[in-house]
Amino acid sequence: MLATHLESVDPATGEVIGRFESTSPADLPRILEHARRVQEEWAAQPLRARCALLRRLRDVLYARRDEITEVITRECGKPRFEALSADLMVSLDTASYFAWHTPRLLRPETVPHHNLAVKGKSGRIVYEPCGVLGIISPWNYPMAIPMGVVIPAVAAGNAVVLKPSELTPWCGALVRELFEQAGFPADLVQVVQGGGEVGAALIEAKPDKVVFTGSVATGQRVAEACARHLIPCVLELGGKDAMIVMADADLEVASSAAVWGSFTNCGQACVSVERIYVERTVAERFIELCVAKTAKLKLGSGIDPDTEVGPMIRSAQVDRVESHLRDAVAHGARVLTGGKRRPDLGPCYFEPTVVVDVDHSMRLMHEETFGPVLAIRAVSNGEEAVRLANDSPFGLSGSVWTRDRERGRKIAARLKVGAVMINDVMSYFGICEAPHGGRGASGWGRTHSRLGLMELVQVKYVDEDRLSRWPKSWWFGYDQELGVATDRFLEVLFAPGWRRRVSSVRGALGTVFRSHRI
Ligand code: NDP
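If you want it as structure tokens, here you go:
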């Protein structure tokens, strides 16, 4: 029997901190049907009125920021600073960005026609809402990830049924509450609570599009279910992001970035730095710096303002990190700092860990670890670094570190990923204008930015004929004369050499001035 309640558990202590009613999968068809009715009215509102409500949402988020960050910290374990800077700030900025820019981004576009044959027509591209979107999100950024899709979705005129992770039901419930408080129509953003079975039932209820963020294994199930109903989907899946450190990089700065990029959110980010390739001539110094900086990090409860690394989300997640490390050590890797569970602090703590002497035979280097591990491998040169960085089924993002801008750009161009940062890590995720999404096992489609918004609309081409009383030359009434005139017309358009083109004009006019028998 399915549980009727979901428990929100504090990963720092293992304590239950809240209970939320779960949604019965059988209710999903009714929920979708209701969403369709709400969406029709919402889409009929002027775009500017919809955007004005996004400004109210931003104000509500801002006014309730203390409470929201506390819920994120308690339910997800991350340090309060990260709840504020990553989850809350990204949500606020997304609301602000789409409130101001959606009217421009969705403005109908005139389409000039280059071909003489269709000069009598004017074309426009207009953007219409998809309808009802099913949004399925993970637990690691329980506010920033759903908000990053729900906000542009409603701005574009869609209704949303959101399925948050069963590990973060409190944050999920907050999303719905915040939209209602901001004055959006009741049930424009519905939140369904539960495990994978509720996510599966959401797809079976046939939303118009699915935006899924989560693991590769679940993403494959989602893609299969969507394919059965021919529902389009966006898949934001896992990553195994590489950081390439060239010998001319500022090692002080690069090592701080490596440590932050590997341990922020306890390494539980799709764009975490999971692999580092550093040029051999500077590897020793770079490793020394990484180890010293890692050893200084304060591990503890996210509620403590001095904490830099909190607990992992669940003990099972810690098991996975341990098994990756065990496998790496069995194949010759060396742990230089960390590497241990900390049951003295709570059930889900694991020390920030630096590992060296790693190679691609180890799970640590080809599967997503999703935990606080910084794995460093020395390489001979940039060429080898690029080859190893691309030797992965994933292709989400990556970074390159060098003082030589041109070299940085050349390496960036060769990485097979959705985003590359030169001399920074991860932070592009918080830039509203930057598209987010991957290649290969990291999924398809984009979120954030203009391209993410385009995923949430239907594109319609509208053609208006300026010569509405003029039958078209390509309509029926085919005969020898029309064939010859059309051949002249092709000469006008495509014959090599201007003389030939000009001499065919007269004959081509027969395509325009013709009598239609039908
Ligand atoms: P999961 O794949 O386990 O879950 C993601 C969501 O899918 C959850 O809401 C989950 O519900 C739901 N779900 C589970 N089974 C099904 C199903 N059969 N049909 C529909 N929905 C289902 O991922 P995690 O929550 O563990 O998140 C971590 C993963 O997410 C990592 O791999 C990480 O890299 C990836 N991720 C990717 C990002 C990106 O933008 N590319 C960003 C952040 C994370 P429930 O949790 O209740 O089981």
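Numbering (my numbering), first residue to last: 725 to 1242. Glycine included, every Cβ here is placed at the ideal spot set by N, Cα and C. Bear in mind the structure is a predicted one, so any value in this text is a computation, not a measurement.
Range covered by the beta strand (DSSP E) that runs through residue i
{"i": "H729", "result": "729 to 733"}
{"i": "I1245", "result": "Any question about residue 1245 goes unanswered here, given that the chain covers just 725 to 1242."}
{"i": "W1125", "result": "1121 to 1125"}
{"i": "E745", "result": "740 to 745"}
{"i": "A1143", "result": "1143 to 1146"}
{"i": "I927", "result": "Taken as a continuous stretch (DSSP letters only), I927 belongs to no beta strand (DSSP E), being part of the alpha helix (DSSP H) at 920 to 928."}
Inter-residue Cα distance where the pair is residue i and residue j
{"i": "Q917", "j": "P862", "result": "12 Å"}
{"i": "C1072", "j": "L730", "result": "20 Å"}
{"i": "W1222", "j": "R828", "result": "41 Å"}
{"i": "P735", "j": "K1184", "result": "47 Å"}
{"i": "K1022", "j": "P888", "result": "30 Å"}
{"i": "V1181", "j": "I1155", "result": "21 Å"}
{"i": "D1115", "j": "S1085", "result": "11 Å"}
{"i": "S986", "j": "L812", "result": "21 Å"}
{"i": "C990", "j": "K802", "result": "7 Å"}
{"i": "V1015", "j": "V1059", "result": "10 Å"}
{"i": "P1195", "j": "D1187", "result": "16 Å"}
{"i": "E1157", "j": "S1239", "result": "54 Å"}
{"i": "S1227", "j": "V835", "result": "30 Å"}
{"i": "R1190", "j": "A1232", "result": "21 Å"}
{"i": "A981", "j": "P832", "result": "42 Å"}
{"i": "L1098", "j": "R1170", "result": "27 Å"}
{"i": "Q992", "j": "G1095", "result": "5 Å"}
{"i": "M725", "j": "P749", "result": "Confidence in M725 is poor, its pLDDT being 47 and thus under 50, which makes the residue's placement unreliable; the coordinate value appears in the next sentence. If you take the alpha carbons of M725 and P749, they lie about 12 Å apart."}
{"i": "D1203", "j": "A1219", "result": "23 Å"}
{"i": "D783", "j": "R1163", "result": "36 Å"}
Best match in the options for proximity to residue i [C-alpha to C-alpha]
{"i": "E890", "options": "E1003, A879, S746", "result": "S746"}
{"i": "F822", "options": "S1116, V878, R1223", "result": "V878"}
{"i": "I849", "options": "V814, S939, I860, H837", "result": "H837"}
{"i": "R1131", "options": "F1118, V1110, P1117", "result": "V1110"}
{"i": "A810", "options": "V874, D783, N839, R789", "result": "R789"}
{"i": "T1093", "options": "Q1041, R900, R782, F1218", "result": "Q1041"}
{"i": "A768", "options": "V885, G855, L1206, R1038", "result": "G855"}
{"i": "I792", "options": "L1098, T892, H1055, E833", "result": "T892"}
{"i": "N864", "options": "W1168, A787, A941, L961", "result": "L961"}
{"i": "K1020", "options": "H1172, S820, T1077", "result": "T1077"}
{"i": "L898", "options": "A1136, V842, F1218, S815", "result": "S815"}
{"i": "H1160", "options": "N1147, L1177, D1148", "result": "L1177"}
{"i": "C950", "options": "R1009, I859, P870, M970", "result": "I859"}
{"i": "A880", "options": "G742, N839, W766", "result": "W766"}
{"i": "I796", "options": "S1166, K1017, V733", "result": "V733"}
{"i": "K1134", "options": "V977, R945, M970, M867", "result": "M970"}
{"i": "I1011", "options": "D1211, I1100, R772", "result": "I1100"}
{"i": "L1120", "options": "S1166, E1108, S1104, S1197", "result": "S1166"}
{"i": "D751", "options": "N1105, V885, C957, V983", "result": "V885"}
{"i": "P870", "options": "G938, G920, G919, G847", "result": "G938"}
Residue i in three-state terms, based on DSSP
{"i": "W1199", "result": "coil"}
{"i": "V710", "result": "In the structure displayed, the chain extends from 725 to 1242; residue 710 sits before or after that span and is not available."}
{"i": "F1237", "result": "coil"}
{"i": "L857", "result": "strand"}
{"i": "S889", "result": "coil"}
{"i": "M725", "result": "Below a pLDDT of 50, predicted positions are generally treated as unreliable, and M725, at 47, falls in that range; the measurement from the model is reported next regardless. It is coil, neither helix nor strand."}
{"i": "A883", "result": "strand"}
{"i": "R831", "result": "coil"}
{"i": "W984", "result": "helix"}
{"i": "Q992", "result": "coil"}
{"i": "F805", "result": "helix"}
{"i": "A841", "result": "helix"}
{"i": "E1179", "result": "coil"}
{"i": "T826", "result": "helix"}
{"i": "T818", "result": "helix"}
{"i": "Q914", "result": "strand"}
{"i": "A1102", "result": "strand"}
{"i": "I968", "result": "strand"}
{"i": "R1058", "result": "strand"}
N- and C-terminal bounds of the alpha helix (DSSP H) containing residue i
{"i": "I869", "result": "868 to 879"}
{"i": "I1011", "result": "1004 to 1019"}
{"i": "E1092", "result": "Unbroken run through E1092: none, as it is neither H nor E."}
{"i": "I955", "result": "Here I955 belongs to no alpha helix (DSSP H), and DSSP marks it neither H nor E."}
{"i": "M1043", "result": "Residue identity check: residue 1043 is Asp in the sequence provided, not Met. It spans 1039 to 1054 - the alpha helix (DSSP H) in which D1043 sits, taken as one unbroken run."}
{"i": "T1077", "result": "Here T1077 belongs to no alpha helix (DSSP H); instead the beta strand (DSSP E) covers 1077 to 1080."}
{"i": "L771", "result": "771 to 787"}
Below-8 Å beta-carbon distance, residue i vs any chain C residue
{"i": "R1238", "result": "Here there is only one protein chain, and chain C is not present."}
Is it a yes or a no for the segment 964 to 979 touching the segment 1052 to 1070, going by three-plus beta-carbon pairs under 8 Å?
-> Verdict: no, contact absent.
Cβ contact (3+ pairs, closer than 8 Å) linking the segment 1125 to 1135 and the segment 1027 to 1037 = No: fewer than three Cβ pairs fall under 8 Å.
Is the segment 1136 to 1147 close to the segment 1000 to 1013, with three or more CB pairs under 8 Å?
-> With a cut-off of 8 Å, the segment 1000 to 1013 and the segment 1136 to 1147 do not count as touching, because too few Cβ pairs lie within range.
Are the segment 928 to 947 and the segment 908 to 916 in contact at 8 Å, needing three or more beta carbon pairs?
-> The segment 928 to 947 is not in contact with the segment 908 to 916.
Are at least three pairs of beta-carbons, each pair with one atom in the segment 757 to 767 and one in the segment 933 to 953, less than 8 Å apart?
-> At 8 Å Cβ cutoff, the stretches do not touch.
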